[in-house]
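Residue numbers (my numbering), protein chains in the order written: chain A, 86 to 317; chain B, 86 to 317.
Let me begin by presenting the structure, written as structure tokens, before commenting on it.
There are 2 protein chains.
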Amino acid sequence: MADFQPQDVIPEVLHPYFPRDAALSHYVASKFNMSESLTTLSAGVGLLAVISIILLARARTSLTGKDKLIVIWMIVCAGIHIVLEGYFSFNHATLAGKQSMLADLWREYAHSDSRYLTSDPFTVIMEGITAVFDGSFAIVTAYGILADSPIRYPAQLITSLAQVYGDVLYMGTNCMENYKHTNPHPYYFYFYFVTLNAIWIVIPTYLIVDACKNIYRGMLIAQRATTIKKSN
Amino acid sequence: MADFQPQDVIPEVLHPYFPRDAALSHYVASKFNMSESLTTLSAGVGLLAVISIILLARARTSLTGKDKLIVIWMIVCAGIHIVLEGYFSFNHATLAGKQSMLADLWREYAHSDSRYLTSDPFTVIMEGITAVFDGSFAIVTAYGILADSPIRYPAQLITSLAQVYGDVLYMGTNCMENYKHTNPHPYYFYFYFVTLNAIWIVIPTYLIVDACKNIYRGMLIAQRATTIKKSN
């Protein structure tokens, strides 16, 4: 014991997350395994898609294939934002030890980012905004398309920009800390962290450009129509 | 020395920031004092306002008072985002010890938030986005108003939403950490942290609502004009 120094005392690590010294004393293992959790998530997304298809079938306006896909996307997003990310926002402090299917899903995803279990301030605030704000505007966008309302494009722009901004900050902060919150296994890093998050950068970026183009065209028509009206 | 424990060794604090144990070994005091720094900032903002007024005088379209104010606001924002926040983004790692007027300004503001001197990942990424993205779209908005281009409202919406999102996250994360990065003196807390940041929540929120209203009205006119054209 002669050379023993107090700084050599390493607390026992009782969780599977990265960084290995993350403070997760309240961690309790999930009851369901990974495939059960992912099947539940897929079933949830499938249910949201079915709801979208029912709403599309009842819509009075005739929609293009692209608009139909955007309705499905926005309703799936609203469900994920409000239910999954809303659950995180309300339960972040106790999530690591909570026993529920949604807590299991977060414990699974947290292999790719332990900030979801440690109440990381940025992650908590960003997810709160995503749940309340992005979730609501995704519903407004879907409604705007289904009802052929002029609110559609501003709502599409707001939802998509908020999604991209939150996601770029989310990925960027982890990158700047050398992905220390992420399990380096390729499955967790490339599938959970990179691929799943890239979806919410690629699709919303396309929808931002789409909204801007349509607003530009619409505002040009409105400008000309108003000028004609004024000159008559 | 019998009861001495290694954890009692507290590193000497050689900087004026909060939290008092923030790692700022590279800190060097500013050459200019607070009033000199703030005078320079005010002069910079004044110069941007003068540039805006010159551009407004040369504009071919007749603008409302509100639109003129938005041009001034956007050009002032672009200057602050690109010059001041761009400087931070490039120099965050060495800012605490850098000798320049802009570094002095950041050392002064950092009394209200030491994350600007410690390369806090969220602050660095958010400021990078603000400098490049918000800065560019603020210029596009000002151009859109001056040139009476339909790009104006989508650009106004994008700039303002990005400003509000960044600012809410910025204030929210510090709040969630009980303002530990902030000097509790009322001047630093209420003036620098609360008031200065509230400006970039209140004005952009108004401009988001303004953009949405105008896009809604424009898209409605465009919708009707297209329907009339189709029915003829």
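Glycine included, C-beta positions come from ideal geometry on N, C-alpha and C.
Computed from a predicted model, the values in this text were never measured in an experiment.
C-beta neighbour in chain B for residue i, strict 8 Å
i: A:Y301; result: yes
i: A:C162; result: no
i: A:L305; result: yes
i: A:V209; result: yes
i: A:Y228; result: no
i: A:P206; result: yes
i: A:Y324; result: Because chain A is modelled from 86 through 317, residue 324 of chain A falls outside the range shown and cannot be assessed.
i: A:I214; result: yes
i: A:Y275; result: no
i: A:Q308; result: yes
i: A:I95; result: For A:I95, the predicted structure reports a pLDDT of 48, less than 50, and the residue's modelled location is therefore unreliable. A value from the coordinates is still provided. Chain B, which has no Cβ nearer than 8 Å to the Cβ of A:I95, makes this no.
Residue-level contact to chain C via CB, residue i, 8 Å cutoff
i: B:F278; result: Protein chains A and B are contained in the structure displayed, whereas chain C is not.
CB contact check: residue i to chain A, cutoff 8 Å
i: B:T311; result: yes
i: B:L202; result: no
i: B:L292; result: no
i: B:A223; result: no
i: B:Y172; result: no
i: B:Y102; result: no
i: B:Y250; result: yes
i: B:L99; result: no
Option nearest residue i by Cα separation, candidates the options
i: A:I167; options: A:L305, A:D219, A:R145, A:P269; result: A:D219
i: A:M186; options: A:S110, A:I306, A:A114; result: A:A114
i: A:K298; options: B:D233, B:T312, B:A240, B:G251; result: B:A240
i: B:A163; options: B:E262, B:F175, B:I214, B:A181; result: B:I214
i: B:R105; options: B:S204, B:A247, B:S199; result: B:S199
i: B:T290; options: B:S245, B:S137, B:T125, B:Y272; result: B:S245
i: A:T149; options: A:G303, A:A310, A:I293, A:D233; result: A:D233
i: A:T208; options: B:T124, B:N259, B:A283; result: B:N259
i: B:F278; options: B:M304, B:G303, B:S197, B:V287; result: B:S197
i: A:L126; options: A:S204, A:A310, A:L281, A:S110; result: A:L281
i: A:E193; options: A:G131, A:Y272, A:T311; result: A:Y272
i: B:F117; options: B:K183, B:V130, B:S147; result: B:K183
Beta-carbon proximity of residue i to residue j, cut-off 8 Å
i: A:E170; j: A:A216; result: yes
i: B:Y112; j: B:A181; result: yes
i: A:L296; j: A:L231; result: It is worth fixing the name first, because residue 296 of chain A is Ala in this sequence and not Leu. Contact: no.
i: A:T267; j: A:F274; result: yes
i: A:I210; j: B:L254; result: yes
i: A:K153; j: A:L141; result: yes
i: B:Y102; j: B:A195; result: yes
i: B:M261; j: A:P206; result: yes
i: A:I306; j: B:A307; result: yes
i: B:E212; j: B:F173; result: yes
i: B:Y264; j: A:A247; result: no
i: A:Y301; j: B:I284; result: no
i: B:M119; j: A:Y238; result: no
i: A:I288; j: A:D252; result: no
i: B:S122; j: B:L202; result: no
i: B:L292; j: B:I155; result: yes
i: B:A310; j: A:A128; result: no
Any non-hydrogen atom of the ligand SAH closer than 7 Å to residue i Cβ
i: A:S110; result: Annotation note on the ligand SAH: not contained in the displayed structure, which lists no ligands.
Quiz item: If you measure beta-carbon to beta-carbon, which residues of the stretch 254-267 of chain B are closer than 7 Å to chain A?
Solution: L254, G257, T258, M261, E262
Practice problem: Indicate whether the contact test is met: 3 or more Cβ pairs, each with one atom in the stretch 223-240 of chain B and one in the stretch 155-162 of chain B, closer than 8 Å. | Solution: yes
Practice problem: Quick one: which residues of the stretch 230-247 of chain B get their C-beta closer than 7 Å to a C-beta of chain A? List them in chain order. | Solution: P235, I236, Y238, P239, L242, I243, L246, A247
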